[in-house]
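I have placed the structure first, in the form of structure tokens, so that the comments after it can refer back to it.
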Amino acid sequence: MAAGLKTVILLSFVLAVGFLLIILSCALWHNWLPLLVALTFVLAPLPNAVFSHCGSDDFSSQYEGGAGPIDLGRFITSLVVVTGFALPVVLAHSDVITKSACVMSIIGGGLVYGTILAYSAAFRQDESDFD
Amino acid sequence: MSLPRANYDPRRVCLNPFPEFTLGKHRRTVGVYIAGALFALAQWTFFDAAILSAHAKPEWGGDPPVHVKFLDWLPGLSSLLGFLIVNVIDKDRIKGDEGFGDSGAVWRARLFLFIGFAFMAGGLAGSVCVLILKYILGDYPQQFSYYGYANVSQNIAMMLAGVVLWIAQSSSGEYEYNLTL
Chain A
799 MAAGLKTVIL LSFVLAVGFL LIILSCALWH NWLPLLVALT FVLAPLPNAV FSHCGSDDFS
859 SQYEGGAGPI DLGRFITSLV VVTGFALPVV LAHSDVITKS ACVMSIIGGG LVYGTILAYS
919 AAFRQDESDF D
Chain B
660 MSLPRANYDP RRVCLNPFPE FTLGKHRRTV GVYIAGALFA LAQWTFFDAA ILSAHAKPEW
720 GGDPPVHVKF LDWLPGLSSL LGFLIVNVID KDRIKGDEGF GDSGAVWRAR LFLFIGFAFM
780 AGGLAGSVCV LILKYILGDY PQQFSYYGYA NVSQNIAMML AGVVLWIAQS SSGEYEYNLT
840 L
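What follows is the structure in structure tokens.
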């Protein structure tokens with residue numbers, strides 16, 4: 799459990815650093831549009847979580863065909879993730895935000911999403927250990 | 660002329676079947692993720708042009724000579740409509756498998772597929788038309804003809820997304836699937 803505790807503390811630090819970068823990228827230039835990046839990356843795992851219980855029950859394997867809702871969830875997830883990276887680039891391209899705010903919000907968003915991915919992966923591994 | 664029985668498929672149209680993609684069991688997942696990423700890239704390429712057009716200031720001052728108008732949105736909307744039509748079709752019905760007995764259903768499904776691809780191809784052709792007629796013949800500087808190129812790449816990426824999604828969804832399962840069109 800000590801390793802799990804360390805993982806949780808490390809991940810929470812990374813998450814805090816990610817949010818710090820995003821909020822700094824907004825506050826330093828008094829332009830709060832990059833905050834949308836944080837919202838996007840927080841919402842990114844939601845479609846997979848919603849649709850993962852729609853497709854198949856426990857008795858069918860995970861990779862058999864015809865799982866339309868699961869595919870829709872993955873499609874929307876990937877859409878949202880790319881949106882999170884593309885939004886600051888587009889905003890910086892048209893000079894709405896500055897280049898450094900763009901870089902900071904992309905790094906911060908990547909840290910936030912990486913934290914979410916790593917946390918769910920670690921949690922899933924813990925869960926399967928008890929099976 | 661003695662073909663092996665396993666290779667003979669009376670429904671096949673092309674002489675050579677489409678290549679089998681072997682990405683392992685994650686093929687479907689990876690394909691769907693790539694399709695979603697391509698779709699988002701397509702939309703963001705065009706939104707980039709639209710936002711850039713709204714904030715554009717030429718270096719010689721004054722008003723910019725051209726803007727992204729509703730005309731520029733039309734090819735993307737057509738491609739989007741085609742993308743949706745192609746993806747709501749039941750893939751098994753296209754292949755004309757047994758169990759769906761009704762041959763009229765297969766015919767209607769193929770008609771829908773044709774209409775969907777026609778919308779996508781029409782969107783692509785329309786974007787090329789907008790690029791040539793509005794931006795290249797208008798003789799605008801590079802800063803503004805970028806809108807037209809962004810439009811074309813939006814439609815190309817959306818078509819690629821549709822193709823990747825189709826391949827990912829139709830080449831899965833433990834059965835031997837060929838893309839028999």
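From first to last, the protein sequence lines are chains A and B.
Count along the first sequence from 1, add 798, and you get the number used in the numbering used here.
Count along the second sequence from 1, add 659, and you get the number used in the numbering used here.
Backbone N, C-alpha and C fix where the C-beta goes; we use that ideal spot for every residue, glycine too.
Beyond the five residues adjoining it in sequence on each side, B/Ala694 comes within less than 6 angstroms, by CB distance, of Ala820, Val823, Leu824 in the same chain, given in chain order.
Three or more beta-carbon pairs drawn from the stretch 900-915 of chain A and the stretch 816-830 of chain A are found closer than 8 angstroms, and the two stretches are therefore classed as touching. Listed in chain order, the non-local C-beta contacts of A/Leu809 below 7 angstroms within the same chain comprise Thr913, Ala916, Tyr917, local neighbours out to five positions each way being set aside. Legend: CB atoms of the stretch 698-713 of chain B lying less than 9 angstroms from CB atoms of chain A belong to residues Phe698, Ala699, Leu700, Gln702, Trp703, Thr704, Phe706, Asp707, Ile710, Leu711, Ser712, Ala713.
With fewer than 16 other Cβ atoms from the protein chains shown falling within 10 Å of its own Cβ, B/Trp766 counts as exposed. Using a C-beta cut-off of 8 angstroms, the stretch 864-878 of chain A makes contact with the stretch 839-850 of chain A, since at least three inter-stretch Cβ pairs fall below that distance. Identification of chain B residues near A/Ser892 by a Cβ-Cβ cut-off of 9 angstroms yields Asp707, Ile710, Leu711, Ser712, Ala713, His714, Ala715, ordered along the chain. With a 10 Å radius around the Cβ and a threshold of 16 neighbouring Cβ atoms, B/Gly720 comes out exposed. Contact holds between the stretch 778-790 of chain B and the stretch 734-750 of chain B, because three or more Cβ pairs, one in each stretch, are under 8 angstroms apart.
In this structure, the alpha-carbon of B/Leu790 lies about 32 angstroms from that of A/Thr838. The alpha-carbon separation between B/Asn746 and B/Ala715 amounts to approximately 36 angstroms. Counting along the chain, B/Tyr692 sits inside the alpha helix (DSSP H) bounded by residues 686-713. Annotated three-state conformation of A/His891 is helix, per DSSP. The three-state reading of DSSP puts A/Ala884 in helix, counting H, G and I together.
In the three-state DSSP reduction, A/Lys897 falls in the helix class (H, G or I).
B/Asp798 and B/Cys788 have their C-alpha atoms spaced approximately 15 angstroms apart.
Residue contact check for B/Ile744 against chain A: no CB pair falls below 9 angstroms. Within chain A, the residues Ser876, Leu877, Val879, Val880 have their CB atoms less than 8 angstroms from the CB of B/Ala696, given in chain order. Residue environment analysis places B/Phe705 among the buried positions, since at least 16 neighbouring C-beta atoms fall within 10 angstroms of its C-beta.
Going by C-alpha positions, B/Leu792 is about 25 angstroms away from A/Ser892. By the neighbour-count definition (other C-beta atoms within 10 Å, threshold 16), A/Gly802 is an exposed residue.
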